[in-house]
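Below: the structure, in C-alpha cells.
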Amino acid sequence: MIRQSCKVFVLALLALAWTSMAMAECRTWQQIQSSGFFTVGTSPDYPPFESIDDNGNIVGFDIDLIRAVAAEMGLEVRLQAMGFDSILIAVRSGQVQLGMSSFSVTEERKRSVDFTIPYYSSGQVVLVNPDSGIRTVNDLKGKVVSAQIGSTSADAAQAIEGATVRIVDDASTAVMMLRNRAAHGVVLDVAIAENYAQRFGFVQMDEPLNYEEVAAVIRKGCPEFLNALNEAFGKVKASGKLDELRQKWDV
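As numbered in mature numbering (1 follows the signal peptide of the UniProt record, and there is no 0), residues -24 to -1, 1 to 227 make up the sequence shown, in order.
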C-alpha cells in the first residue's frame, strides 16, 4: 500500500512538472508576442542559404525567408550566429527560439525538436575535382569524403560504402579539403553544391545520394508558436514571396 502510494505521488509530481513545462512554453510564445521579435540561430557558412556579406551582415535565402515569415506574424527576428551542431542545443535550451539553417527533416531530429512545414526540397550530392575520374558512388570506394558535422550531408557521406569520411566543423572547411585535395569528394546540399561548383570549378557526381525536405525548428511543446509559424509560412508561399526569394537566391 505504501509502495503504491509512493508510486501515485511520483506520478503526480511528474504530471505537475510536465504541466509546468507546458505552461512555461506557452508563456514563451506570449513573451514573443509581447516583445515583438523572436531569436533565430543560424550557421552563416552555407551560401546561398546563410552567409556573411562584405559588411559583416548575415544574409541569404533562409534569412530573407524567416524575415518574411516574421513580418506575416507582425514580428521581427534577431539573428544569432553559431556553429551548425550547436543550433539544436540552443533551440532545446531556449537560448534561441527558432533554428533556421537549412535543417533537413529527419526522424532523429523530430525526437528532440519540432519542425515547421517544409519550405524547400533538396538532396545531398557529391562534388569532385574535374580530373578525378570519379563519377559514381562506386568510384568513391577507398577514397576520402568530407562533410559538415551534425548535418545530413555527414549522414549521407557515412552511408557511402567503402569511403573514408572526414567530418569537419563547417561546410566551407569540408569544401576546402576538396579544393586542397585532402579529400576526393565533399557531400553537400544540391543548392550549396551548385554554388561551390561555380566558384571553384568542381563537378557534381552523376546521381544525388538522397532527397529530403528542409524546415525550420523550434523547441518541443509550443504548439501556439508552431501553428503561427506554419500559418505564416503558408501565407508567404501562397503570396508568391517564396518563389520570389528562390529566384533571387537561385535555389
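Think of the CB as a built atom: it goes at the ideal place given N, C-alpha and C, for glycine as much as any other residue. Just so we're clear, the structure is a prediction, and the values are computed from it rather than from any experiment.
Spatial neighbours of residue i in its chain, beta-carbon cut-off 6 Å, leaving aside the 5 residues before and after
i, result
"D61", "I125, G126"
"V162", "L103, S122, A150, V151, L154"
"M76", "V16, T18, D38, I42, A192"
"F176", "R155"
Residue span of the beta strand (DSSP E) that contains residue i, given as start and end
i, result
"R54", "52 to 57"
Cutoff 8 Å; reference residue i; Cβ partners in own chain excluding five residues on either side
i, result
"S215", "none"
"A(-3)", "For A(-3), the pLDDT reaches just 43, beneath the cut-off of 50, and the residue's location in the model is therefore unreliable, although a value from the coordinates is still provided. Excluding residues within five positions, the ones whose Cβ falls inside 8 Å are G197."
"R85", "L64, F79, F91, V193"
"E189", "S80, V81, P94, Y96, S97, S98"
"E220", "none"
"A(-1)", "For A(-1), the pLDDT reaches just 46, beneath the cut-off of 50, and the residue's location in the model is therefore unreliable, although a value from the coordinates is still provided. Cβ within range, chain order: n/a, list empty."
"V144", "S122, A123, Q124, I125, A150, M153"
Cβ-based neighbour list, residue i, same chain, cut-off 7 Å, excluding 5 preceding and 5 following
i, result
"D182", "R111, T112"
"F209", "V45, T92, I93, Y95"
"E26", "T18, S19, P20, I34, G36, D38, I39, S77"
"K217", "A44"
"M49", "A204, A208"
"A159", "V120, V121, S122, R142, M153"
DSSP beta-bridge partners of residue i
i, result
"Q100", "D165, N186"
"A191", "F79"
"G17", "Q56, G75"
"I28", "I34"
"Y22", "E26"
Limits of the alpha helix (DSSP H) - the one that residue i falls within
i, result
"P199", "199 to 214"
"residue 228", "Any answer about residue 228 is impossible in this case: the structure gives the chain only from -24 up to 227."
Residue i Cβ short of 7 Å to the ligand COA heavy atom set
i, result
"G210", "With respect to small molecules bound, the structure shown includes none, and the ligand COA cannot be examined in it."
- Query: Between the region 32 to 45 and the region 66 to 73, are three or more C-beta pairs nearer than 8 Å?
  - Reply: No contact exists between the region 32 to 45 and the region 66 to 73.
- Item | Sequence ranges, alpha helix (DSSP H) only - wholly within the region 31 to 93, length at least 4 | Residue ranges of uninterrupted alpha helix (DSSP H) with 4 or more members, entirely inside the region 31 to 93 and ordered along the chain, are 37 to 48, 60 to 69, 83 to 86.
- Examine the Cβ distances between the region 89 to 96 and the region 195 to 207 and report whether three or more of them are shorter than 8 Å. Here the region 89 to 96 lies against the region 195 to 207, with 3 or more beta-carbon pairs under 8 Å apart.
- Contained alpha helix (DSSP H) runs [length at least 4] in the region 106 to 188, N- to C-terminal order: Listed in chain order, the alpha helix (DSSP H) elements of length 4 or more contained wholly in the region 106 to 188 are 128 to 134, 147 to 155, 166 to 176.
- Message: Using 8 Å as the cut-off, can you tell me whether the region 1 to 19 makes contact with the region 69 to 85, which would need three or more C-beta pairs spanning the two stretches below that distance?
- Response: With three or more CB-CB distances shorter than 8 Å, the region 1 to 19 counts as touching the region 69 to 85.
- Message: When you compare the region 167 to 187 with the region 3 to 11, are there three or more beta-carbon pairs, one atom per stretch, that lie closer than 8 Å?
- Response: Not touching, per the Cβ criterion.
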